[in-house]
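There are 2 protein chains.
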Amino acid sequence: MKIVRFAAPKGSIHWGIVEENEVKETEGLLGSFTGKNFVLSEVRLLAPVEPSKIVCVGKNYVDHIEEMDGDVSSLPKEPGLFLKAPNALADPEDIIPYPAFTKEFHYEGELAVVIAKPMKEVPEDEALNYVLGYTCAFDLTARDAQREDLQWIRAKSADKFCPIGPWIETRLDPTDLGIKTEVNGQIRQNSRTSLMIFSVRKILSCISSFMTLFPGDVVLTGTPSGVGELRRGDVASVTVEGIGTLKISIGSQK
Amino acid sequence: MKIVRFAAPKGSIHWGIVEENEVKETEGLLGSFTGKNFVLSEVRLLAPVEPSKIVCVGKNYVDHIEEMDGDVSSLPKEPGLFLKAPNALADPEDIIPYPAFTKEFHYEGELAVVIAKPMKEVPEDEALNYVLGYTCAFDLTARDAQREDLQWIRAKSADKFCPIGPWIETRLDPTDLGIKTEVNGQIRQNSRTSLMIFSVRKILSCISSFMTLFPGDVVLTGTPSGVGELRRGDVASVTVEGIGTLKISIGSQK
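Spelled out as structure tokens, the structure:
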């Protein structure tokens, strides 16, 4: 099932379910059908989440640690986590203004997990029972600010630094999915979720060991190798097998 | 004016205004009076905020940088910022379980700012126009996790690591207020907001330069010297002149 949040042609915002070329409106996320249907191509898809927080994994593919000059001889024993704030959310097809404060604006394509119910101190083998579904995300990053600042807030949580979508796919096994990032049609990242150092269930269990995850909260699972710069006018997309493609454009400096 | 969020004797949750020993219920935050009043001592005060994010300043008093072995010969030119997630909120009088993952659980008493309206790219001299009011907060910190982890999420955003209250004081000039932290009745931190490296208006302007602050969002302005450990059974309080006192207790390990 594909869950979407969308703006109807007149601008009002709704939740719904995609079936082929149709969007069936629901009463809120996971509510019953209202009976009102829209043509998929006539609505504007929005980030399909309204999270209280976005938790991310910093280093979760060996090849990405290598390219960031990390030491792969001693891999982390626990997921390295950080936060993105909800102001960072951006929609599918959104234009992301090139941020004024950075000269190194980087894409990181990722698999995102959406939480279904409150989750605290949940063991690994039960963790996937708390998942609503999966979607695609960009962990946009100002690499220079990431190096220079006390913590990664400006580097990771500036407005529109977390495009997400196009929808939540609820029927999916996250353990071995292709994940691919393209910029202007050229493949830049091409990996599989089976190459994660920490599995989705391990990541969720670790987070829940110290903080409660709430329904709608989002977890970004890390990026494979091939990260690189975005320039004004670039079109970037991340495609996760079994979900679909999230596409964004980079605008001129705001 | 003192704005409170509170649980009525029967458990229902409301917003209101404190006048002497009475709480006058309002229709939501800043709504009109409902006509229903409560005796202050008969309600349970809650964290007086429902933020989409909590932004904090890491090093904002020279004496605290010294005690953390920081280099004070070259003070930061911009506020060092980080996030706390909303799951970290805790209420006045709350019992904070001693976290299982730390052996160095520290208090940091702080002045907290609550935002009134959407704030993006606002210059310093207009920043205070976007403030709803001020309250007291603890930036509770697992110092060992802060040293060891990739970023400060477990160290700063574990459940109940951000007690806040007792109310939002709307009529206050934040530039020179006494701020005092006590543990079991002994003074541990005793400073003035005039000793901040970055003023409230500077902090807010800096944050708004890259991320939109929304109504109800919270900004913690840093802690003076005197941070230290909390132990099971401790009672800790932070008092800010012109606001009042936020008191918490430390429980046994959960």
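Note that the protein sequences, when read in sequence, are chains A and B. For the first sequence, the numbering used here assigns the number 2 to the initial residue and increments by one for each residue that follows. For the second sequence, the numbering used here assigns the number 2 to the initial residue and increments by one for each residue that follows. Glycine included, C-beta positions come from ideal geometry on N, C-alpha and C.
Item: In this structure, does DSSP put T35 of chain B in helix, strand or coil?; Value: strand
Item: Since S250 of chain B sits in a beta bridge, which residues does DSSP pair it with?; Value: B:I96, B:V236
Item: What's the gap between the Cα of E192 of chain A and the Cα of T222 of chain A?; Value: Note that residue 192 of chain A is Ser in the sequence shown here, rather than Glu. Straight-line Cα distance between these residues: approximately 13 Å.
Item: Name the two residues that bound the continuous beta strand (DSSP E) containing V115 of chain B.; Value: 110-116
Item: Rank B:P87, B:E242, B:L41 by C-alpha distance to the C-alpha of L173 of chain B and give the top, closest one.; Value: B:E242
Item: Assess, as a yes-or-no matter, whether the region 26-45 of chain B is touched by the region 194-211 of chain B under the definition of 3 or more beta carbon pairs within less than 8 Å.; Value: no
Item: Could you check how far apart the C-beta atoms of V249 of chain A and P164 of chain A are, in whole angstroms? I think they sit under 8 Å.; Value: It should be noted that the sequence gives Ile, not Val, for residue 249 of chain A. At roughly 5 Å, the Cβ-Cβ gap stays under 8 Å, so I249 of chain A and P164 of chain A are in contact.
Item: Tell me the DSSP bridge mates of G245 of chain B?; Value: B:V241
Item: With contact counted as at least three CB pairs below 8 Å, one residue from each stretch, are the region 218-233 of chain A and the region 52-64 of chain A in contact?; Value: yes
Item: Could you check what DSSP says for L90 of chain B in three-state terms: helix, strand or coil?; Value: strand
Item: Could you tell me which of A:T213, A:P119, A:I251, A:R45 sits nearest to F162 of chain A, measuring between CA atoms?; Value: A:I251
Item: Looking at the structure shown, is V63 of chain B part of a helix, part of a strand, or coil, going by DSSP?; Value: helix
Item: For a cutoff of 7 Å on Cβ pairs, would you count S158 of chain A as touching chain B?; Value: yes
Item: Under the assumption that V220 of chain A contacts V114 of chain A (Cβ atoms under 8 Å), give the Cβ distance between them as a whole number of angstroms.; Value: 4 Å
Item: Give the range of the alpha helix (DSSP H) segment to which S192 of chain A is assigned.; Value: Note, S192 of chain A: premise wrong, no alpha helix (DSSP H); beta strand (DSSP E) at 187-193.
Item: Going by DSSP, name the residue or residues bridged to V132 of chain B.; Value: B:I116
Item: Any contact of the region 16-29 of chain A with the region 180-190 of chain A, i.e. 3+ C-beta pairs under 8 Å?; Value: no
Item: May I ask you to report which of helix, strand or coil DSSP gives K25 of chain B?; Value: strand
Item: How many Å lie between I154 of chain A and T213 of chain B at the Cα?; Value: 13 Å
Item: Provide the residue span of the beta strand (DSSP E) that contains L41 of chain B, from first to last.; Value: Premise fails: L41 of chain B is in no beta strand (DSSP E) and is neither H nor E.
Item: Applying a beta-carbon distance threshold of less than 9 Å, which residues of chain A neighbour K78 of chain B?; Value: The premise fails here: K78 of chain B is roughly 11 Å from chain A at the closest Cβ pair, so nothing lies under 9 Å.
Item: DSSP on V219 of chain A, reduced to helix/strand/coil?; Value: strand
Item: Give the range of the beta strand (DSSP E) segment to which E20 of chain B is assigned.; Value: 14-20
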